[in-house]
Every structure is written in C-alpha cells, then in structure tokens.
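Taking my numbering, I'd label the letters of the sequence shown as residues 1 to 222.
The beta carbon of each residue, even a glycine, is placed where N, CA and C say it ideally should be.
Fair warning: this is a prediction, and the values are worked out from it, not measured in the lab.
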Amino acid sequence: MKRTIRLSHLLLFAALALAMTGIASAASHTPPPAGKAADYAAQDSHPQEHVTIAAEPFDTPEKAKFFRVEYLKYNFLPVRIMVTNDGDTPINLTDVRMQFISAAGDRIPAALPEEVERRTDVVKNPAAPGVKLGLPFPTIRGKSKDKDKQIKEDFNTLGFQAFVVEPHTTQSGFLLYDIQGLDTPVLKDAEIAVRMIKDGNGKLLFDFVVPMNKYLAAQRGH
C-alpha cells in the first residue's frame, strides 16, 4: 500500500525541529522570491473557486544552489509549490496532499526529513544508472556530521510555514520528491497533483493538476 503524507505532517515536523535547531539566516540560503501562482508557466487555475496552484522544479544545480544540501545528487527533486487564494475567504491546507506523478503513473508523496537523511547516509555514485536527470555529478564520498542538521534547517526555513492561505494572499514552500529509478527525463509528461484543499467552510475544492510539460515548454522558450 502506497504511503500518503499530509502537508500537516511536514509542517508539524518543521515546527518541532525549529524548536530544537533554530533557523539559519545566512543570505546564501535564501531562495528567489516567490510570486503569485498565476505568474508561473506550470499552473492550474480554478476561477470559480478563486484558487490557482503552480509548481516550479529546481532541477539544476545552479537553480538549487541556495539549499544547504545538494539534494539532486541524492535523487531528490526540489519543487516549489505556490498556492494563491484570490477569494474573500481563507482556504485550509491542513489535510492537503501534493504528489509527484511520473509519466508512468508513479504517485510519489513529498519526502519526510528522515527519508532524506537516510538517503544521504549512503555512499554512492549518483552518476551511475538510476539517476535520471543526466547531470555530471562527482562521486559522493560520505556524509558530514552536520548534514542532518542542514536538512532539518532546509525543511524549517524553505518548507510551507502555514496551514491556511488567507484571502488575496499566496503561500509557497519547497517539497522534495524521490525520483530515484524514474525514467528519463523525469519531468516529461509528469504532473503535480494537489488535492484535499478545503474552503473556509470545510468543503473540499476540486483536485488540481499541474503539468510539468508546461514548465519544460517555458524553459525551451527561453
């Protein structure tokens, strides 16, 4: 049976880890500012529900250089999700599910910090078969003693920070998806599926599906 992870679980972990480790404020770990979801190529808009969701993969070392850990080396793909509420009432993300769906139909939930920590403990050559981004990475020699702390700090500072999207605001955060073993290229024909968003009255909104082909098309146009 496939594992299902609620965003609330990740937020809860971040809150606990934040109390233990604190927030690192180095400017080098600051991502580019997030815009409204409608500003991004890969998006799904529900005008009747006044909500737009966008996704932007950080799929190159240059784009992902502000992270404390080079997650792409370990087959974790960072994706920033933007949720914009253009309505007049809040929407609730407590039970939301945000899954990466591969071209083959694999439904991949966002990774938990401990899953990332376990992967980074493994000494391996990420350029070997199984890595699907086609990037020329060197062999990983091991794990520094503070890498677990760095992972926790990334989850604390770069993940979603709220359960609620207030009217006429945007909430954004980074999720990591385990892309190990997926076919090349991992983003082609893939989607980000977002469901279990509720309005202020507890009513479920329709599911959102963000095609990664829109992101790839925009990248080719640059």
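Check                                                                                                   : Outcome
Short Cβ contact (7 Å threshold) for Val186 with Asp44                                                  : no
Backbone CA spacing between Asp59 and Tyr40 [nearest angstrom]                                          : 15 Å
Sufficient close CB pairs (3 or more, under 8 Å) joining the stretch 82 to 94 to the stretch 104 to 117 : no
Presumed contact (8 Å Cβ cut-off) between Met196 and Val96, rounded CB distance                         : 5 Å
Length of the line joining the Cα atoms of Ala103 and Glu191                                            : 8 Å
Local Cβ density within 10 Å of Lys37, reported as buried at 16 or more and exposed below that          : First, the amino acid is wrong: residue 37 is Ala here, not Lys. By the neighbour-count rule (16 or more Cβ atoms within 10 Å), Ala37 is buried.
Ala218, DSSP secondary structure in three states                                                        : helix
Of the listed residues Val165, Gln171, Arg80, Thr120, nearest to Asp146 (C-alpha basis)                 : Thr120
Phe76, enclosing beta strand (DSSP E) - first and last residue                                          : 76 to 85
Reduced DSSP secondary structure (H/G/I, E/B, other) of Gly130                                          : Only weak support is given to the placement of Gly130: the predicted model assigns it a pLDDT of 43, under 50, and the value that follows is read from those uncertain coordinates. Gly130: coil per DSSP, three-state reduction.
Identity of the residues DSSP links to Leu204 by a beta bridge                                          : Lys198
Cβ separation of Val79 and Ala55, assumed to be a contact under 8 Å, to the nearest whole Å             : 5 Å
From Arg220, Gly202, Gly200, Val194, residue whose alpha carbon lies closest to that of Ile101          : Val194
Start-to-end residues for the alpha helix (DSSP H) that takes in Leu158                                 : 147 to 158
C-beta contact flag for Gln150 and Arg220 at 7 Å                                                        : no
is_contact[Ala42, chain C] using C-beta, thresh 7 Å                                                     : Absent from the structure: chain C. Only one protein chain is present.
6 Å CB neighbourhood of His50 in its chain, flanking five on each side removed                          : Asp86, Gly87
Counted within 10 angstroms of its Cβ, other Cβ atoms place Ser28 as buried (16 or more) or exposed     : exposed
Proximity below 7 Å, CB of Leu77 to CB of Tyr215                                                        : no
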